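Notes for the one structure printed next.
In the numbering used here, the protein residues as written are 23 to 91.
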């Protein structure tokens with residue numbers, strides 16, 4: 023089996039920041055700093071932390087089933 027087709031917890035980027043490279047052309051991510059909440063073989067979820075949003079964090083947490091402290 024090719025290593026490119028496998029995923030291990032040691033290759034997870036959860037709880038890490040991703041910084042878009044200067045050449046990133048996708049306007050959704052260009053110049054973005056993303057905090058990865060989840061990263062697994064099932065997918066990934068992150069928050070762009072350096073752009074304003076109208077979304078209230080408690081609403082976001084409710085929608086992704088996280089109980090605010």
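From the three backbone atoms N, C-alpha and C, an ideal C-beta is built for every residue, glycine too. A quick note: this is a predicted structure, and the numbers were derived from the prediction, not measured.
Cross-strand partners of residue 65 (DSSP beta bridge): Working through the chain shown from its first residue, we reach residue 65 at position 43. In DSSP, residue 65 forms a bridge with 62.
Terminal residues of the beta strand (DSSP E) in which residue 41 lies: Residue numbering aside, residue 41 sits at position 19 when the chain shown is read from its first letter. Where residue 41 is concerned, the enclosing beta strand (DSSP E) stretches over 39–41.
Three-way DSSP call (helix, strand, coil) for residue 55 in this model: Along the chain shown, one-based indexing puts residue 55 at 33. Correct three-state label for residue 55: strand.
Close Cβ partners of residue 66 (< 7 Å) along its chain, the five nearest in sequence each way excluded: As a position in the chain shown, residue 66 is number 44, starting the count at 1. Cβ neighbours of residue 66 beyond the five flanking positions: 58 and 60.
Boundaries (first-last residue) of the alpha helix (DSSP H) holding residue 80: The count along the chain shown starts at 1 and reaches residue 80 at position 58. From DSSP, the alpha helix (DSSP H) with residue 80 extends over 79–85.
Nearest neighbour of residue 51, chosen from 80, 69 and 79 [CA to CA]: Within the chain shown, numbered from 1, the residue matching residue 51 stands at position 29. Per the Cα distances, 69.
Other residues of its chain near residue 43: CB distance less than 6 Å, five sequence neighbours each side excluded: What you label residue 43 is simply residue 21 of the chain shown in a count that begins at 1. Correct list: empty, nothing qualifies.
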